[in-house]
């Protein structure tokens with residue numbers, strides 16, 4: 032029933048599950064103790080190969096100390112007694128919601144980083160434009176000062192010509 036409702040894939044043992052984790056990136060893992068196999072080894076493998084996955088743990092047959100240890104890693108989204116536990120469905124929904132929130136957070140971080148890069152680029156472009164504008168204004172100010180000096184000289188010469196009474200005085 033879980034396979035249909037949650038579009039879940041099934042592995043018969045930890046060896047199959049490890050192969051699956053090497054090839055896929057599930058958002059939620061539901062597992063428990065399997066006789067003859069090391070749950071602790073699988074948990075370590077899952078942490079390394081599917082660090083994004085949230086776990087729903089069937090605690091039947093798993094030592095409480097192991098449950099406490101894996102809870103500290105922050106990946107356990109739910110703990111049920113066994114696969115027939117009535118709270119399994121609610122735990123799966125909780126884990127899927129947590130995985131959805133993780134995806135949204137990652138998407139927001141990506142958008143934030145993208146916007147930050149765009150803002151840096153725009154700031155650099157603006158700074159370059161401001162520097163170009165300052166250079167242009169300084170050049171314009173120098174030209175204006177040179178023109179002002181020339182006009183003052185020309186004005187002085189015109190006043191001298193105007194005051195002169197003869198052509199010889201004008202020269």
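Residue numbers (the numbering used here): 32 to 202.
Think of the CB as a built atom: it goes at the ideal place given N, C-alpha and C, for glycine as much as any other residue.
Predicted, not measured: the structure shown is a model, and the values here were computed from it.
| Query | Result |
| --- | --- |
| Are three or more beta carbon pairs between the segment 132-144 and the segment 89-109 nearer than 8 Å? | no |
| So, at 7 Å on beta carbons, what are the nonlocal neighbours of residue 70 in its own chain, with the 5 sequence-adjacent residues on each side left out? | 64, 93 and 97 |
| For residue 109, count the other beta carbons within 10 Å of its own beta carbon; 16 or more makes it buried, fewer makes it exposed. Which is it? | buried |
| Compare the C-alpha of residue 81 against each of 57, 91, 90 and 62 and name the closest. | 57 |
| Counting along the chain, where does the beta strand (DSSP E) carrying residue 110 start and finish? | 107-111 |
| For residue 88 and residue 125, what's the separation of their Cα atoms in angstroms? | 13 Å |
| Tell me whether residue 196 sits in a helix, a strand or coil according to DSSP, three-state version. | coil |
| Can you give the Cα-Cα distance for residue 39 and residue 158, rounded to whole angstroms? | 53 Å |
| Classify residue 150 as buried or exposed, calling it buried when 16 or more other Cβ atoms lie within 10 Å of its own Cβ. | exposed |
| Would residue 122 be called buried (16 or more neighbouring beta carbons within 10 Å of its own) or exposed? | buried |
| Is residue 85 closer than 8 Å to residue 59 when the C-beta atoms are compared? | yes |
| Is residue 125 near the ligand HEM, going by C-beta to nearest heavy atom under 7 Å? | The ligand HEM is not among the ligands present in this structure, which contains no ligands whatsoever. |
| Is the CB-CB distance between residue 48 and residue 62 below 8 Å? | yes |
| Could you give the first and the last residue of the continuous beta strand (DSSP E) run that contains residue 85? | 85-89 |
| Excluding the 5 residues preceding and the 5 following residue 20 in the sequence, name in chain order all residues of the same chain whose CB lies nearer than 7 Å to its CB. | Residue 20 is absent from the structure shown; the chain starts at 32 and stops at 202. |
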